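Position 29, counted from 1, in the sequence shown is what my numbering calls 29; the numbers after and before it change by one each time, with no gaps.
All residues carry an ideal CB built from backbone N, CA and C; glycine is no exception.
These numbers come from a predicted model, not from an experiment.
Scroll down for the structure; my scribbles are underneath it.
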Amino acid sequence: MKWDYADRRRRERFYRFVFRSAIPLLALGALCMALGVGPAVHANFGLLLAGFVVADLSVLAGYLAVNRTVKVLDLDRAESRYVEIHFG
Numbered sequence: 001m002k003w004d005y006a007d008r009r010r011r012e013r014f015y016r017f018v019f020r021s022a023i024p025l026l027a028l029g030a031l032c033m034a035l036g037v038g039p040a041v042h043a044n045f046g047l048l049l050a051g052f053v054v055a056d057l058s059v060l061a062g063y064l065a066v067n068r069t070v071k072v073l074d075l076d077r078a079e080s081r082y083v084e085i086h087f088g
């Protein structure tokens, strides 16, 4: 998994963007699940199931983004490059 340095930075920025986009989706999924409890009492599970699906997909996207960002940073560390981490 040897990439040039600029490609690594692009991938790192992309994965951080994916992680930041997964957070609002997780909130949306939680909201759908919370709002879907009432209709689920009357056997209408659509909103509840949609909330679970959105929340699960956002957790998966966040996990993959973090996992791949760590791989890029580990590759930098293995090549003794200076790793600059920006938060925010």
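Asked, Found
"At what residues does the alpha helix (DSSP H) containing E12 begin and finish?", "Y5 to V41"
"Helix, strand or coil: how does DSSP classify S58 here?", "helix"
"Give the secondary structure of F45 by DSSP, where H, G and I count as helix, E and B as strand, and everything else as coil.", "coil"
"From A40 to R68, what does the alpha carbon distance come to, in whole angstroms?", "37 Å"
"Kindly list the residues whose CB is nearer than 6 Å to the CB of A27, restricted to its own chain and excluding five residues on each side of it in sequence; keep chain order.", "none"
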